[in-house]
């Protein structure tokens, strides 16, 4: 992708993302309304619902709360676990334990999740719960592989991830997302990016914006472009994933925090600050240990840079204000000088006007004198002739 085109794409996506970010309260209200509607079912007509119905409603609340609030999700999982124990329903007990293990793993509590999984006897799991069981282990080792700092640890976690991926393969159909994702992961690991993108595109075509699947698949696509070194496309799909998260009120998210780091790396500090602040607020709301760990380093780094930039801007503003003040004083002095000059010129103009008036008066006086002289010169010859004639006749 040409750089200029990539920049245009990124700017458009960023503008869209920031517009969605500003509407967070709208999506939160929609989520809260949905949750209130489900909770109302538990107290409909103030009658005590059968435990089986309560369990099913709790399941719907768990699904809605899962990406929204860790504490609320945990609360409803525990309520369902109590119901399952009271009814002595082994399938429901295992389902609750798997939900709890996956929730803990998703929040970075890997040891606690593993401890719960060890208590589950796979013999009593049906196909669906067996898939959930293996997926929980895949989640644990996928995350541990991603966050591990030591190469040997990454190899070990990667190997264990492959073991559970192989275990799940016979249980799922080839057109299911879990199967396609396993293929995509393997191709990415082998550096076969074009094939990897093809599978991701197939998965993405089956996902809807503002769904958990869309958020995950676009995030995974950003990871492919990251491996390829295509930063603009990585940022594009991180932004799309973040948009999906916000529209779905998914507080347990990773895309926006990672996008904040990318924008920071290209020195777009203000944008990085807004993104990381938003991510931190989501992490606080959700109460995710994993997200706090993920955000911690980026948050402190970006906040420090933002403070430095803000301080520089404040200093620049002070300097600018001083310059403006000096220029204002100079301008005031110039205006005063011009005013004085105008006043002096006006005085000179008035004096010149008076001189001109005097000059005109003198001219008029001279003209009158000249007129009188001309008249005198006209009459004088006549008087002389008249006088001579009188003398001649006498």
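Residue numbers (my numbering): 219 to 612. Positions of the beta carbon are idealized from the N, C-alpha and C atoms, including for glycine. These numbers come from a predicted model, not from an experiment.
Tell me the residue span of the alpha helix (DSSP H) that contains residue 372.
369-386
Taking DSSP as the reference, what is the three-state secondary structure of residue 408?
coil
With distances taken between CB atoms, is the gap from residue 357 to residue 348 smaller than 8 Å?
no
Is it the case that the Cβ atoms of residue 470 and residue 504 are separated by a distance below 8 Å?
yes
Residues of its chain near residue 267, where Cβ-Cβ distance is below 7 Å and the 5 sequence neighbours each way are ignored:
260
Check whether the Cβ atoms of residue 420 and residue 398 sit closer than 8 Å, and answer yes or no.
yes
Tell me which residue opens and which closes the alpha helix (DSSP H) that residue 330 is part of.
328-335
Spatial distance of residue 337 from residue 362 (CA atoms)
21 Å
Residues near residue 252 in its chain [Cβ-Cβ closer than 7 Å; skip 5 each side]:
282
Cutoff 6 Å; reference residue 264; Cβ partners in own chain excluding five residues on either side
Its pLDDT being 47, under 50, residue 264 is placed unreliably by the model, and the measurement read from it follows with that caveat. If we look at residue 264 and ignore the five residues flanking it on each side, it has no Cβ neighbours.
Three-state class that DSSP yields for residue 255 in the structure shown:
helix
Check whether the stretch 400-418 touches the stretch 240-257, counting contact only when three or more Cβ pairs, one atom from each stretch, lie closer than 8 Å.
no
Distance, residue 543 Cα to residue 439 Cα:
53 Å
Using a Cβ-Cβ cutoff of less than 7 Å, which residues in the same chain neighbour residue 459 once the five nearest sequence positions on both sides are dropped?
433, 436, 437, 440, 473
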